[in-house]
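K.L.:
Residue numbers (the working numbering): 7 to 271.
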């Protein structure tokens, strides 16, 4: 139980920074008996989902990829050196017999390394600034067990202080993900309202059995990832009507708490 967590101010009020991390160890199939991830394809798919259907005039999204091996150290170092509002992590995950999440990431040589979920949680909890949203995406071709570790990791990241975490609670099909993610980001760049965006994206896959699987863990009582875009004063042609209503006592101006969020966080 908590109030809203303080958020890192947007570096650019008109642009959201997104980091995409794909863990694709070279020995996935030979040692770990998991289907290899096509890192380039995964990044392009994530990029297409993030960029697609964006309406001109809304916030821009700057997408970049973790170019180093997907180790815990490299991930946390990148987050510290170049703050990202959203972190999109695609990897294999599983649970131990006692319910502990494990992530199959990479070591410095590009080989697979099974990492305890708590290790990633502790590193992120110790960071001075945490991303506004973490999306945990599992490879969709590895069966229902593949995403269990990521789904179990989500509430722990939220407990560690990540304001919003989105994870898939089961084996979501590629077709549903391809419909869910574009709608999610389209709604987010509009007003940053994460709960409404997830609901709208779920509605887009409402005809599928797995519509309920995208799970959101949030600390926010009101839901905004970032403040709504400022109105362009020059293009707003209703000021005379607003001032007239104020003078006549026919309306009450309400200044919400998000008014200075972009400045103070």
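Ideal Cβ placement from N, Cα and C applies to all residues, glycine included.
#1: Inspect the CB distances between the segment 193–205 and the segment 62–78 and report whether three or more fall short of 8 Å.
#2: Take residue 115 as the anchor and find which of 206, 77 and 164 has the nearest alpha-carbon.
#3: Can you tell me where the beta strand (DSSP E) holding residue 170 begins and where it ends?
#4: Could you tell me the alpha carbon to alpha carbon distance between residue 89 and residue 179, rounded to whole angstroms?
#5: Checking 7 Å against the spacing of the C-beta atoms, do residue 99 and residue 111 come in under that value?
#6: Counting pairs of Cβ atoms below 8 Å between the segment 48–55 and the segment 179–189, do you hit three or more?
#7: How many angstroms separate the CA atom of residue 209 from the CA atom of residue 232?
#8: Pop quiz: residue 1 and residue 170 are said to be a contact at Cβ under 8 Å. What is the actual Cβ separation, rounded to whole angstroms?
#9: Would you mind sorting residue 162 into buried or exposed? The rule is 16 or more other CB atoms within 10 Å of its CB.
#10: Quick check on the burial criterion: 16 or more other C-beta atoms within 10 angstroms. Buried or exposed for residue 28?
P.N.:
Taking the definition as stated:
#1: yes
#2: Within the chain shown, numbered from 1, the residue matching residue 115 stands at position 109. Comparing Cα positions, the closest option is 77.
#3: If you number the chain shown from 1, residue 170 lands on position 164. Here the beta strand (DSSP E) through residue 170 covers 170–174.
#4: Translated into the one-based positions of the chain shown, residue 89 becomes position 83. Translated into the one-based positions of the chain shown, residue 179 becomes position 173. So the alpha carbons of these two residues sit roughly 31 Å apart.
#5: Locating residue 99 in the chain shown gives position 93, where the first residue counts as 1. Locating residue 111 in the chain shown gives position 105, where the first residue counts as 1. Result no, Cβ atoms of residue 99 and residue 111 do not sit closer than 7 Å.
#6: yes
#7: As a first step, residue 209 is located in the chain shown; it is residue number 203 there, counting from the start. As a first step, residue 232 is located in the chain shown; it is residue number 226 there, counting from the start. Between residue 209 and residue 232, the C-alpha separation is close to 23 Å.
#8: Shown here, the chain extends from 7 to 271; a query on residue 1 therefore has no answer.
#9: Within the chain shown, the letter at position 156 stands for residue 162. With 16 or more other Cβ atoms within 10 Å, it is buried.
#10: Taking the chain shown and counting its residues from 1, one reaches residue 28 at position 22. Buried, by the Cβ-count rule.
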